[in-house]
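Everything on this sheet refers to the single structure shown next.
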Amino acid sequence: MLNRIRNIGIMAHIDAGKTTTTERILYYTGKSHRIGEVDNGEAIMDWMEQEQERGITIQSAATTAYWRDFQITIIDTPGHVDFTAEVERSLRVLDGAAAVFDAVRGVEPQTETVWRQAERYEVPCIGYVNKMDRVGADFFQVLEDVREKLGVLPAALQIPIGREGGFEGVVDLLEMREIRWDAADEGETLIYAPVDPSRKALAEEWREKLIDLISGSSDAVTELYLSGEAIPPELLKKELRRAVLNRDLLPMLAGASRRNMGVQPLIDAVVDYLPAPGEAAPAQGHHPKKEEPVLIPCDPAGPPLGLVFKIQHDREAGSLCYVRMYSGSIKAGTAVFNVGKKKRERANRILRMHSNKSEPMDALTAGDIGVIIGMKLAQTGDTIGSEGWPLMLERMQFPEPVISVSIEPKTMSEQDKLKNILALLSREDPTFTTKENEETGQLIISGMGELHLDVLVTRILKEYHVGARVGNPQVTYRESISKTVERTERFSKIIAGKENAAVLSLRAEPLPRGSGNRYASAVRGGDIPGAILEAVSRGVAGAFSSGIALGYPCIDIGITLTDITYSELTGTEFAFEACASLGVDEACRAAEPVLLEPIMAVHLIAPKEFVGDAISLITQRGGQVASMDSRPSADHVKALAPMEKMFGFMTALRSVSQGRATFTMEFSHFEKRAER
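Residue numbers (my numbering): 335 to 1010.
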């Protein structure tokens, strides 16, 4: 049964047609009885009210369809850079992915981002060039773009018949036949025909290229090719599948999903070339008593082990925990063990999701993706399994939030309700954080970008019906130090008639940008109890989060404990934790603290006649252009710019480009804030 399962994601840049393609997949596999259109707000996979209003995907939606007796679980991921975390956690648990490319724009900035994420998790992919019916569509230019920008070898399995408004079908290079789609039944009927003589030479040329690419990783194909024998399509498919699983080749197909053309061969390619759960690279777990990672075979009979990769709140059911099972099985109504939190929870019900609808399941087995209802403590990234096999699947890494707004309830009676909702939303979305400003008492929420925060605020106001006032967006800065300082800190306080005292020496030093904070102890155990050393570690961590001069979190600081004076009579954990926190604070204040600001990587696409104005807009805002790539349809500019200066950039860009230029930006790094 494992061999007949495919867990795949649809990934791409915003507006490349991911959701439109997924809607066709659901229609042709019989999962839906009509085709939902994104532009009409009717897409089944975009079920959130805001997704329908804005015409974009915000939350990754999961659904299960069946094709040729294969069970395909599909996750339609967002394309907007502000929702990168949704893509990240989806790719972490998928076995394969279909990358959708815009036939006019080729490889766009967010495509590169999701491709890097897929590479990190070693996810085999297939490619689909959508919008072949658009003006400026060029299948062969997209292949070149893929080779240059993604550093992968594209293997064209089809070439288009016609282009732009004259696109009418594809030539299947494996079977050497033409495929067209019957418009009378919404493309459900495929019409096959021999290759037209006018296209024969081009088809033969591209078939030779395909065989040449496959033979690069297949001795069997090479032998037949060199001996001049005919190579059966079954052998080509088998060897191509092997190359895809090794991530050596990227099979490329063409279509126009909006016109119901090209989708069925894409579903066939999912089944033919993407891995079953047992064929994907085994997941790695970390055992508390072993240094080496443990490989986890995908075995339904093994001990249970799964990863919670997404939390969604449902008003009636409570927390929906999306789980990918890597080993064993979990039955509905049984207890599960949360490995990280060392707590037992109950899996009351198990569901298979179809967007925001569901069907009950008896059990979740290795290779399955489903939803468990009943777990109250689970968070995104938690491992669930059994106490007898306490493996931790590695936690997901999410980028730092870089933009904040203040939010406060309109009435005191709504204060608790607002705090509960913020806690719910931060459980759902690891890139959304909330904290209370100690000085003003204001609640500050932080996210990945203006759109991200706008969506979250709209959910708070409209979905959860909380009356709240929202401030203007503010940049989230960081603090660091610029020189090395050593300090000895003394702490003494009498509480309830008992003296609490501690003395310790610390060294604070700046670390290279992007290193993160580091704490090390040069003091070896000896007479110092472990609990005291742990208290020092907690004190240092607390000082990092509370900032130096301005209260922003600290980054890239190394703290070393060089000496400690401990007395059994007066040395308490409280004293050493407080002493460490004060010591770090004072040392960092003396180490020439610096304020760091977030620098954003800006990707701008503009028609040639507007590119000069667009670049001058970036430079006026303190940005630096890193590169410019010229294409027939538009120029692609890459730049770095301070986040603080990028508010309102979209409005200014639309103004100078008559609404024809677009841009995306994502966090790049922190650097010392320039004097302004």
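Here a beta-carbon is modelled for each residue, glycine too, at the ideal position from N, C-alpha and C. None of these values were measured; they are calculated from a predicted model.
So, are the CB atoms of R514 and M595 less than 9 Å apart?
Taking the sequence shown and counting its residues from 1, the one referred to as residue 514 is at position 180. Taking the sequence shown and counting its residues from 1, the one referred to as residue 595 is at position 261. The answer is yes: Cβ separation under 9 Å.
Between the CA atoms of I406 and A399 - distance to the nearest angstrom
Looking up residue 399 in the sequence shown gives position 65. Looking up residue 406 in the sequence shown gives position 72. Their backbone Cα atoms lie some 5 Å apart in a straight line.
Relative to the C-alpha of A537, which candidate in I493, Y526, F501 has its C-alpha closest?
Walking along the sequence shown from the start, residue 537 turns up at place 203. Nearest C-alpha to A537: I493.
My output table needs one value for Q1011: the three-state DSSP class, helix, strand or coil.
Residue 1011 lies beyond the range of the chain shown here (335 to 1010); nothing can be said about it.
Could you check how far apart the C-beta atoms of L508 and L570 are, in whole angstroms? I think they sit under 8 Å.
Along the sequence shown, read from residue 1 onward, the residue named residue 508 stands at position 174. Along the sequence shown, read from residue 1 onward, the residue named residue 570 stands at position 236. The pair is a contact, with the Cβ atoms about 6 Å apart (cut-off 8 Å).
As assigned by DSSP and simplified to three states, the class of L924:
By one-based count along the sequence shown, residue 924 stands at place 590. The amino acid at residue 924 is misidentified as Leu; the sequence shows Ala. DSSP places A924 in helix when its eight states are reduced to three.
How is H347 classed by DSSP in three states: helix, strand or coil?
Against the sequence shown, residue 347 aligns to sequence position 13. Here H347 sits in coil by DSSP.
Extent of the continuous alpha helix (DSSP H) to which G892 belongs:
In the sequence shown, the residue the question calls residue 892 occupies position 558. Element bounds for G892: not the alpha helix (DSSP H) but the beta strand (DSSP E), 891-899.
Residue closest to K817, alpha-carbon to alpha-carbon, out of E512, I779, G562, G892
The count along the sequence shown starts at 1 and reaches residue 817 at position 483. Nearest option by C-alpha distance: G892.
What do you reckon, is the C-beta of I828 under 8 Å from a heavy atom of the ligand ATP?
The ligand ATP is not part of this structure, which contains no ligands at all.
Can you tell me whether P735 is buried or exposed, with buried defined as 16 or more other CB within 10 angstroms of its CB?
Reading the sequence shown from its first residue, position 401 is the one you call residue 735. Looking at its Cβ environment, which holds 16 or more other Cβ atoms inside 10 Å, P735 is buried.
Q713 in three-state terms, based on DSSP:
Reading the sequence shown from its first residue, position 379 is the one you call residue 713. Reduced to three states, the DSSP call for Q713 is coil.
Neighbourhood of D861 by C-beta, 8 Å cutoff - its chain only, sequence neighbours within 5 removed
On the sequence shown, residue 861 is found 527 positions in, with the first residue counted as 1. So the qualifying residues of the chain are Y900.
Using beta-carbon positions only, say whether V1012 and P638 come within less than 9 Å of one another.
Residue 1012 falls outside the range modelled here, since the chain spans only 335 to 1010, and no answer is possible.
Going along the chain, which residues of its own chain have a beta-carbon closer than 6 Å to the beta-carbon of E498, five neighbours each way excluded?
Position 164 of the sequence shown, counted from the start, is the residue given in the question as residue 498. Answer for E498: V469, A471, listed in chain order.
Given this structure, state the Cα-to-Cα distance separating I703 from D897, to the nearest angstrom.
Along the sequence shown, read from residue 1 onward, the residue named residue 703 stands at position 369. Along the sequence shown, read from residue 1 onward, the residue named residue 897 stands at position 563. About 51 Å.
In the DSSP assignment, what are the bridge partners of A452?
By one-based count along the sequence shown, residue 452 stands at place 118. Beta-bridge pairing links A452 to no other residue.
Residue closest to S720, alpha-carbon to alpha-carbon, out of T768, S663, I741, T363:
The residue given as residue 720 occupies position 386 in the sequence shown. Among T768, S663, I741, T363, the Cα nearest to that of S720 is on S663.
I need the boundaries of the alpha helix (DSSP H) containing K753, first residue and last residue.
Here residue 753 refers to the residue found at position 419 of the sequence shown. Note, K753: alpha helix (DSSP H), 749-762.
Would T996 and A940 qualify as a contact pair, given that the criterion is a beta-carbon distance under 9 Å?
The sequence position of residue 996 within the sequence shown is 662, counting from 1. The sequence position of residue 940 within the sequence shown is 606, counting from 1. Cβ distance < 9 Å, so T996 and A940 count as in contact.
To the nearest angstrom, how far is the alpha carbon of I908 from that of K832?
Walking along the sequence shown from the start, residue 908 turns up at place 574. Walking along the sequence shown from the start, residue 832 turns up at place 498. In the sequence as displayed, the identity of residue 908 is Phe instead of Ile. Distance between the alpha carbons of F908 and K832: 12 Å.
For the alpha helix (DSSP H) containing D506, name the first residue and the last one.
Stepping through the sequence shown from its first residue, residue 506 is reached at position 172. Unbroken run through D506 is the beta strand (DSSP E), 503-506; no alpha helix (DSSP H).
Any chance the segment 758-765 sits against the segment 773-791, with 3 or more Cβ pairs inside 8 Å?
yes
Is the number of C-beta pairs between the segment 810-824 and the segment 746-761 that are closer than 8 Å three or more?
no
Assign L491 to buried or exposed, taking buried as 16 or more other Cβ atoms, counted over all protein chains shown, within 10 Å of its Cβ.
Working through the sequence shown from its first residue, we reach residue 491 at position 157. Classification for L491: buried.
Quick one: is E383 buried, meaning 16 or more other Cβ sit within 10 Å of its Cβ, or exposed?
For the purposes of this step, residue 383 is taken as the residue at position 49 of the sequence shown. Confidence in E383 is poor, its pLDDT being 49 and thus under 50, which makes the residue's placement too unreliable to answer from.
Unbroken alpha helix (DSSP H) run spanning R481, endpoints
If you number the sequence shown from 1, residue 481 lands on position 147. From DSSP, the alpha helix (DSSP H) with R481 extends over 473-484.
Distance, Cα to Cα, H1003 vs I828?
Working through the sequence shown from its first residue, we reach residue 1003 at position 669. Working through the sequence shown from its first residue, we reach residue 828 at position 494. For H1003 and I828, the distance between alpha carbons rounds to 45 Å.
Find the nearest neighbour of S532 within the set E512, D546, L547, G521, judged by alpha-carbon distance.
One-based indexing of the sequence shown puts residue 532 at position 198. It is E512.
Classify A1008 as buried or exposed, calling it buried when 16 or more other Cβ atoms lie within 10 Å of its own Cβ.
Here residue 1008 is taken as the residue at index 674 of the sequence shown, counted from 1. Classification for A1008: exposed.
I need the straight-line Cα distance from M726 to S661, nearest angstrom please.
In the sequence shown, counting from the first residue as 1, residue 726 sits at position 392. In the sequence shown, counting from the first residue as 1, residue 661 sits at position 327. Straight-line Cα distance between these residues: approximately 13 Å.
Relative to the C-alpha of A835, which residue among L903, V434, Y853 is closest?
For this step, residue 835 is matched to residue 501 along the sequence shown. Ranking the options by Cα distance to A835, first place goes to L903.
One question on the structure: do I794 and L845 come within less than 9 Å of each other, judged by their Cβ atoms?
Position 460 of the sequence shown holds residue 794. Position 511 of the sequence shown holds residue 845. Their beta carbons are not under 9 Å apart, which means I794 does not touch L845 by this criterion.
Using C-beta distances below 6 Å, list every residue in its chain close to F910, excluding the 5 sequence neighbours before and after it, in chain order.
As a working note, residue 910 is residue 576 in the sequence shown. Only A836, I866, A869, V870 meet the Cβ criterion.
Using three-state DSSP, classify G652 as helix, strand or coil.
Position 318 of the sequence shown, counting from 1, holds the residue named residue 652. The answer is strand: DSSP assigns G652 an E or B state.
Buried or exposed by the 16-neighbour rule on C-beta atoms within 10 Å, applied to T953:
The sequence position of residue 953 within the sequence shown is 619, counting from 1. With fewer than 16 other Cβ atoms within 10 Å, it is exposed.
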